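Chemist: Before I ask anything, let me first share the structure, which is written out below as structure tokens.
There are 2 protein chains.
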Amino acid sequence: MKAGTDLAQIASLVGDPARANMLAALMGGTALTASELAMEAGVTLPTASAHLARLSDGGLLRMTRQGRHRYYALADHQVAAMLESIMGVAAALGPQKVLPGPRDTAMREARICYDHLAGEAGVAMFDAFAERGFIAIDGDDVNLTDKGAGFFSDFGLDIEAMRGKRRPVCRSCLDWSVRRSHLAGSLGAGVLDRFIALKWARREKNSRVIRFTPPGRAAFERMLRADEGRTGA
Amino acid sequence: MKAGTDLAQIASLVGDPARANMLAALMGGTALTASELAMEAGVTLPTASAHLARLSDGGLLRMTRQGRHRYYALADHQVAAMLESIMGVAAALGPQKVLPGPRDTAMREARICYDHLAGEAGVAMFDAFAERGFIAIDGDDVNLTDKGAGFFSDFGLDIEAMRGKRRPVCRSCLDWSVRRSHLAGSLGAGVLDRFIALKWARREKNSRVIRFTPPGRAAFERMLRADEGRTGA
DNA sequence: TTCATAGTTCGATGCTAGCCAAAGTATGCA
DNA sequence: TGCATACTTTGGCTAGCATCGAACTATGAA
């Protein structure tokens, strides 16, 4: 009875098309202004403003003011994970959608999930890091190993800084398209940042799609495969 | 844009208090009749009937007719997992609720999640099975080992029958109270069934709470600890 | 057949909530 | 100070939908 009320409260926030479009846009991980979100949802500014107020009050969004702009972002990765799980259900029982176009295929291959890499590439990377002993998986907990700390430091990440933060370094996040885990947490975010900084990949404009450059793809594959040959899964 | 529409469609189904209460009741795993669900949601039969039709059309429920009864149940474990994740968000940012009463404490300790054991006991069991080498965890995939197959057969489960079904034998499911994985899949369901058959535990009336009997608790602990002493986590 | 139970369908009602236009507030810039 | 941009608030309109009572269908039992 009480459980249902809580459930409905959160779900009804997501259950409006305008708000859902805003949330989906924010799954891209970058904070957006009220106007941008209004555009994204296809409503006028006043309407968007009201929706954003409700989402913020409900605890799904976090807002930071910057001059006369107000930037909205998802409150935390738990909210992002929830949205992914709903999308998962929608994708699973929504064969009523048109056949997957090129955009969908690209999303399946590699996309940004909040702030880290998801899709086939994300899952492959997660598996490879586990295989190479960089991360240790214990149930739903994922931990960075000493070997991994060395590797990612060499790769250009500031592991010590990550450890100082409140946010967990490693976290697994369920992938809706592949239905397996990929790497989230500050490490997951850092790795993707680095990919983009190194120009291995870039974000497609106004979409969650991540596109690898040809040399980036090769470097990425090398990173997964390591120097030793091993049997594929 | 399209993503948001799908998202909203599913979420709005959950976003009505009456429907949410029905879904929460069905998280207990047992199929319920339309009348029972109407009672649970606090609405009249016609209203409940309309809601159930929408949930079924939306793909969240599965209905089976039995004489003049119609039994409704969650469509699959993916739907159950989605509901758990929404409850997780609600629990995390809902400190507006009254302080956790005895019912809540019991829910945290051991409860039924769709058809398998969740809560602290569920997470402890998952970890112990992994520790004892009965299940092998590979990313989000969980697989039964030969050693595990032997153990669970001795425990009274028909492993061969489970393997024949469409449903995966092992699956991990994220626990909203402990935020770690517990064991789902037909094995998870089978183990809980066995606990109840052996009178190690019983379901509390009209609730998701699982109560261990004193001897059952002892037997359960013994099952986790195995015969060898080991360092606790 | 007749009655009872379980559930759906129909019609009417009332409330909620989304929507926009216009006016109001706040910040930045010249 | 004055103007522009970014966003919120207010007010009024509308549509959708949750709700219930009453009538209808279907299964089971006497």
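Those sequence lines, one after another, are chains A and B.
Numbering-wise, the working numbering puts 47 at position 38 of the first sequence, and it's gapless, one number per residue.
Numbering-wise, the working numbering puts 19 at position 10 of the second sequence, and it's gapless, one number per residue.
Glycine residues also receive a C-beta, built at the ideal position from the N, C-alpha and C atoms.
In this text the structure is predicted, and so the values were computed from the model without any measurement.
1) Only counting the same chain, and skipping five residues up and downstream in sequence, which positions put a Cβ closer than 6 Å to that of D196/A?
2) With C-beta atoms as the reference, is V98/A less than 9 Å away from L69/B?
3) With DSSP run on the structure shown, which of helix, strand or coil describes M36/A?
4) Pull the bridge partners of H86/A from the DSSP assignment, please.
5) Which word fits R74/A, buried or exposed, when buried means at least 16 other C-beta atoms lie within 10 angstroms of its C-beta?
6) Under 8 Å by Cβ, that's how I've got L54/B and A43/B pegged, so tell me the actual separation to the nearest angstrom.
7) Using a Cβ-Cβ cut-off of 9 Å, state whether T14/B counts as contacting chain A.
8) Count the other CB atoms within 10 Å of the CB of N152/A; is the residue buried (16 or more) or exposed (fewer)?
9) When you compare each of R28/A, G38/A and A62/A to V52/A by their alpha carbons, which one comes out closest?
10) What in chain A is Cβ-close to M91/B, meaning under 9 Å?
11) According to DSSP, is T217/B part of a helix, a strand, or is it coil?
12) Does DSSP put A193/A in a helix, a strand or coil?
13) Can you find at least 3 beta carbon pairs, one from the region 138 to 148 of chain B and one from the region 210 to 222 of chain B, that sit closer than 8 Å?
14) What do you reckon, are the CB atoms on V132/B and S58/B nearer than 9 Å?
15) Could you tell me if F230/B is buried or exposed, where buried requires 16 or more neighbouring beta carbons within 10 angstroms of its beta carbon?
16) From this set, F204/A, F143/A and A158/A, which residue's C-alpha is nearest P223/A's C-alpha?
17) Using the three-state DSSP reduction, which class does T42/A fall into: helix, strand or coil?
18) Would you mind giving the Cβ-Cβ distance between L46/B and A62/B, rounded to the nearest angstrom? I have them listed as a contact below 8 Å.
19) Contact check, L16/A vs I95/B under 8 Å by CB: the rounded distance?
20) Among G37/A, G38/A, L32/A and G67/A, which has the Cα closest to the Cα of A50/A?
21) Do M116/A and S216/A have their CB atoms nearer than 9 Å?
22) Put A130/A into one of helix, strand or coil per three-state DSSP.
23) Give a yes or no on whether the minimum CB-CB distance between S21/B and chain A is below 9 Å.
24) Between L126/B and the rest of its own chain, which residues show a CB-CB distance below 6 Å, the 5 nearest in sequence each way excluded?
25) Taking all protein chains shown into account, do 16 or more other C-beta atoms lie within 10 angstroms of the C-beta of A119/B, making it buried, or fewer, making it exposed?
26) Have a look at V88/A, M48/A and S162/A and flag the residue whose alpha-carbon is nearest the alpha-carbon of G67/A.
27) Do you know offhand how far T154/B's Cα is from I121/B's?
28) From A198/A to R234/A, what distance separates their C-alpha atoms?
29) Would you kindly work out how many angstroms separate the C-alpha atoms of G76/A and Y80/B, rounded to a whole number?
30) Would you tell me roughly how many angstroms separate the C-alpha atoms of P26/A and A227/B, rounded to the nearest one?
31) In this structure, does DSSP put L207/B in helix, strand or coil?
32) Which same chain residues end up closer than 7 Å to D150/B when comparing Cβ atoms and leaving out the 5 residues on each side of it in sequence?
33) Are the C-beta atoms of R171/A and some chain B residue less than 9 Å apart?
Modeler: Result, derived from the coordinates:
1) It is worth fixing the name first, because residue 196/A is Leu in this sequence and not Asp. Same-chain partners within the cutoff: V178 and C179.
2) In contact: V98/A and L69/B (Cβ atoms closer than 9 Å).
3) coil
4) Paired residue(s): none; H86/A is not in a bridge.
5) exposed
6) 7 Å
7) yes
8) exposed
9) Closest option to V52/A, Cα to Cα, is R28/A.
10) M91, S94, I95, G97 and V98
11) It should be pointed out that residue 217/B corresponds to Arg in this sequence rather than to Thr. DSSP places R217/B in coil when its eight states are reduced to three.
12) strand
13) no
14) The answer is no: Cβ separation not under 9 Å.
15) The residue asked about is misnamed: residue 230/B is Glu in this sequence, not Phe. Looking at its Cβ environment, which holds fewer than 16 other Cβ atoms inside 10 Å, E230/B is exposed.
16) Comparing Cα positions, the closest option is F204/A.
17) strand
18) Actually they are not in contact, since the Cβ atoms of L46/B and A62/B sit about 12 Å apart, beyond 8 Å.
19) 6 Å
20) L32/A
21) yes
22) Of the three classes helix, strand and coil, the one that applies to A130/A here is helix, per DSSP.
23) yes
24) By the criterion of a C-beta distance shorter than 6 Å, L126/B is surrounded in its chain by L201, once the five residues flanking it on both sides are discounted.
25) Residue environment analysis places A119/B among the buried positions, since at least 16 neighbouring C-beta atoms fall within 10 angstroms of its C-beta.
26) V88/A
27) 25 Å
28) Rounded to the nearest angstrom, the two C-alpha atoms are 21 Å apart.
29) 57 Å
30) 51 Å
31) coil
32) none
33) The sequence shown places Met at residue 171/A, not Arg. Cβ-Cβ to chain B under 9 Å: no for M171/A.
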